[in-house]
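So the sequence shown is numbered by the working numbering: it starts at 23 and just counts up by one. A virtual CB, placed ideally from N, CA and C, is assigned to each residue, including glycine. Quick caveat, the model's predicted, so the values are computed rather than measured.
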Amino acid sequence: MGNNLEKLRVLTETLSVRDKKRLQELSLYQSFFESIPVRTFVWSVDDDLKIRVKNKKSLKGKCGKNVLPNGSLKDAFSCSHMNEININHHMKALSGAKQTYLSYEGDVVFLTTLIPINENKQNIVYGCSWDVTNLVKIMSAAEKIAESHPDCASELLGVIHDSPVLKLIKELEK
């Protein structure tokens with residue numbers, strides 16, 4: 023019996039250390055997302071589209087309601103059109119295909135990435151959305167300036183072409 027108790031003690035200590043490290047990592051990520059100057063939303067859903075976890079911030083919806091704290095992804099967005107787009111991409115991700123796309127809610131533009139994971143024989147999707155509205159506006163302004171000022175067009179358009187995030191947004195807008 024003493025040998026089994028010793029094994030249990032070692033296992034308990036190992037799990038306690040692992041859990042302590044995970045909590046420290048979660049705290050680090052939470053503080054990061056709270057302090058960056060870009061509205062960022064992170065979440066995960068199971069294969070029934072039930073929200074497993076999400077960050078504390080809610081997305082104030084343009085269609086009159088807030089994102090629900092938990093529940094189903096079907097209830098998570100304030101516009102039915104936004105729900106339709108996001109659910110479609112989540113279903114593709116649940117089948118194993120990583121998704122990166124733009125979605126729109128009113129005049130707000132979100133760059134979203136969904137990463138499919140198989141965890142304990144269950145399909146999980148991890149998602150992250152960034153509010154890229156101002157980047158889209160800056161790109162549009164740069165393109166207008168480039169049209170009316172050909173002397174600086176190559177420099178302005180070069181910035182868009184050379185920036186990985188601006189280039190991605192431009193490709194996804196098509």
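Rank the options by C-alpha distance to the C-alpha of residue i and give the top, closest one.
i       : options                               : result
Asn-140 : Lys-96, Lys-189 and Val-67            : Val-67
Ala-165 : His-183, Cys-150, Ser-53 and Leu-71   : The residue asked about is misnamed: residue 165 is Glu in this sequence, not Ala. It is His-183 whose Cα lies nearest to the Cα of Glu-165.
Asp-69  : Ala-168, Thr-155, Leu-178 and Lys-143 : Lys-143
Leu-194 : Leu-37, Thr-134, Arg-74 and Asp-173   : Thr-134
Tyr-51  : Ser-38, Asp-153 and Trp-65            : Trp-65
Work out the CA separation of residue j and residue i for me, nearest whole Å.
i       : j       : result
His-171 : Lys-43  : 54 angstroms
Ile-160 : Asn-145 : 38 angstroms
Lys-82  : Phe-63  : Because the pLDDT of Lys-82 is 48, which lies under 50, any placement of that residue in the model is unreliable, and the question is left without a value.
Leu-136 : Glu-127 : 18 angstroms
Leu-71  : Cys-174 : 48 angstroms
Lys-192 : Leu-179 : 11 angstroms
Glu-28  : Ile-107 : 53 angstroms
Leu-45  : Trp-152 : 24 angstroms
So what's residue i in DSSP terms, helix, strand or just coil?
i       : result
Val-154 : coil
Ile-58  : coil
Leu-30  : helix
Gly-128 : coil
Lys-143 : coil
Lys-196 : coil
Gly-93  : strand
Leu-45  : helix
Leu-71  : coil
Gly-86  : In this predicted model, Gly-86 has a pLDDT of only 49, less than 50, meaning its place in the structure is not dependable enough to derive any value.
May I ask which residues mark the beginning and end of the beta strand (DSSP E) holding residue i?
i       : result
Ser-66  : 62–67
Lys-120 : From DSSP, Lys-120 is part of no beta strand (DSSP E); its letter is neither H nor E.
Assign residue i to one of two classes, buried (16 or more other C-beta atoms within 10 Å of its C-beta) or exposed (fewer than that).
i       : result
Gly-86  : Only weak support is given to the placement of Gly-86: the predicted model assigns it a pLDDT of 49, under 50, and the value that follows is read from those uncertain coordinates. With fewer than 16 other Cβ atoms within 10 Å, it is exposed.
Val-89  : In this predicted model, Val-89 has a pLDDT of only 49, less than 50, meaning its place in the structure is not dependable enough to derive any value.
Ala-163 : exposed
Val-60  : exposed
Leu-95  : buried
Ala-119 : exposed
His-103 : exposed
Asn-25  : exposed
Ile-73  : buried
On the DSSP letters alone, give me the boundaries of the alpha helix (DSSP H) that residue i sits inside.
i       : result
Ser-176 : 172–184
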